[in-house]
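Notes for the one structure printed next.
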Ligand SMILES: Cc1cc2nc3c(=O)[nH]c(=O)nc-3n(C[C@H](O)[C@H](O)[C@H](O)COP(=O)(O)O)c2cc1C
């Protein structure tokens with residue numbers, strides 16, 4: 010009987026000891042997991058830096074995320090109302106159209122949008138946009154004159170300038186901009202610089218001092234955003250990713266081609282240079298392939314250069330090699346047109362609404 014009790018107690022002891030050991034073991038295991046997770050989170054979780062916070066508070070944003078110039082008014086409204094910075098491209102707008110668009114956007118948003126001008130193509134609607142109360146003007150492809158900056162400042166608008174090197178950052182800094190956009194060669198559309206973001210961002214951030222720098226080029230996800238914020242950027246500018254949204258004013262076929270595109274789908278080229286002879290990044294398509302197969306000839310010897318590839322009901326025929334991008338009202342061979350896309354296009358997997366996209370990017374950025 011005593012032996013039986015001893016056995017029972019030793020079994021109890023054993024069970025007690027082993028369960029304690031088990032707890033100990035699982036506690037050690039658990040705490041090492043938690044530590045690993047914490048370590049991982051420390052590296053992986055997106056954290057806003059001071060410059061991001063400065064940018065967001067300056068423009069009353071919930072996210073350090075700007076739309077790039079393309080996409081149109083409905084997209085700009087949706088981005089702004091989802092807490093990002095909306096954008097409209099006014100380079101080609103009639104002055105009165107620009108005025109009305111700015112008035113509508115001011116009514117529809119909290120004023121968190123900017124007007125983009127490709128400086129070397131002209132700023133004919135700038136005065137009217139400022140009269141309408143345009144809250145921020147952003148220039149690409151050039152440094153504004155002192156007179157332009159004076160006008161912008163006296164209208165009470167903010168100023169943004171796109172840069173691509175230390176040298177033009179220092180030139181931009183002479184105008185005390187409110188923000189800078191560092192565009193890399195991975196960007197979709199016309200590409201101002203000749204360096205990848207990774208090669209130029211540090212020197213631009215350094216030259217910009219206390220001015221927030223946003224990155225444009227190849228940003229499609231919150232992971233992309235986290236990557237550049239960790240390298241000193243205050244925020245991101247997304248062009249291609251926003252073109253592939255429900256609200257964007259791009260042709261549906263163009264949006265589909267963006268979703269289908271893979272890692273090797275874009276080319277950095279001078280191919281679509283009719284009327285604007287500047288480097289750009291587009292989806293590789295039939296027009297590009299045939300031109301390349303002919304040895305990339307200059308204007309005057311380009312294959313099919315007198316072809317009309319599509320038609321716009323108001324603006325008429327669109328010739329092969331035209332820099333015009335596909336808008337919804339166009340008909341014809343949309344696939345042969347210039348379908349601008351950045352290198353981040355391979356991470357564009359579906360057409361979302363702007364607010365769904367922004368929410369998703371934020372979740373990916375935080376990685377929680
Ligand atoms: C369809 C399209 C049109 C663009 N139009 C303009 C423009 O009018 N003005 C401008 O400064 N940049 C323009 N860009 C370039 C964007 O401002 C931005 O630098 C670029 O989209 C960022 O790269 P991502 O497309 O990889 O996001 C355009 C880009 C695309 C894709």
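In my numbering, the protein residues as written are 10 to 377.
Cβ atoms here follow ideal geometry from the backbone N, Cα and C, with glycine treated the same way.
In chain order, what residues of the same chain lie with their CB nearer than 6 Å to the CB of residue i, ignoring the 5 residues before and after it?
| i | result |
| --- | --- |
| residue 132 | 126 |
| residue 303 | 312 |
| residue 88 | 76, 95, 363 |
| residue 281 | 330, 332, 347 |
| residue 193 | 205, 206, 226 |
| residue 147 | 123, 125, 169 |
In chain order, what residues of the same chain have a beta carbon less than 8 Å from the beta carbon of residue i, not counting five sequence neighbours either side?
| i | result |
| --- | --- |
| residue 69 | 119, 120, 121 |
Does the distance from the C-beta atom of residue i to that of residue j stay below 9 Å?
| i | j | result |
| --- | --- | --- |
| residue 54 | residue 315 | no |
| residue 184 | residue 158 | yes |
| residue 113 | residue 92 | no |
| residue 259 | residue 153 | no |
| residue 350 | residue 274 | yes |
| residue 123 | residue 107 | no |
| residue 178 | residue 168 | no |
| residue 210 | residue 222 | yes |
| residue 142 | residue 257 | no |
| residue 79 | residue 198 | yes |
| residue 278 | residue 353 | no |
| residue 268 | residue 291 | no |
| residue 234 | residue 370 | yes |
| residue 67 | residue 187 | yes |
| residue 218 | residue 180 | no |
From the DSSP output, read off the bridge partner residues of residue i.
| i | result |
| --- | --- |
| residue 251 | Paired residues: none, contrary to the question. |
| residue 244 | 223 |
| residue 125 | 98, 147 |
| residue 172 | 191 |
| residue 357 | Answer by DSSP bridge pairing: none, since residue 357 is not bridged. |
| residue 296 | Note: residue 296 sits in no beta bridge, so no partner. |
In this structure, does DSSP put residue i in helix, strand or coil?
| i | result |
| --- | --- |
| residue 391 | There is no way to answer for residue 391, as the model of the chain reaches only from 10 to 377. |
| residue 278 | strand |
| residue 307 | coil |
| residue 324 | coil |
| residue 163 | helix |
| residue 398 | The requested residue 398 is not part of the displayed model; the chain covers only 10 to 377. |
| residue 56 | coil |
| residue 319 | strand |
| residue 340 | strand |
| residue 198 | strand |
| residue 267 | helix |
| residue 72 | coil |
| residue 290 | strand |
| residue 119 | coil |
| residue 108 | helix |
What does a CB cutoff of less than 7 Å around residue i pick up in its chain, not counting 5 residues either side in sequence?
| i | result |
| --- | --- |
| residue 103 | 134 |
| residue 295 | 344, 345 |
| residue 340 | 319, 320 |
| residue 201 | 149, 150, 171, 173, 192 |
| residue 98 | 78, 79, 125 |
How about residue i: is its Cβ closer than 8 Å to a heavy atom in ligand 2?
| i | result |
| --- | --- |
| residue 174 | Only ligand 1 can be found as ligands here, which leaves ligand 2 out of the picture. |
Would residue i pass as an interface residue toward chain C - the criterion being a Cβ-Cβ separation below 9 Å?
| i | result |
| --- | --- |
| residue 323 | In summary, chain C is missing from the structure at hand, where a single protein chain is found. |
- Three-pair Cβ contact test at 8 Å for the region 60-79 versus the region 238-258: yes
- Query: Three or more beta-carbon pairs under 8 Å between the region 351-359 and the region 249-268, yes or no?
  - Reply: yes
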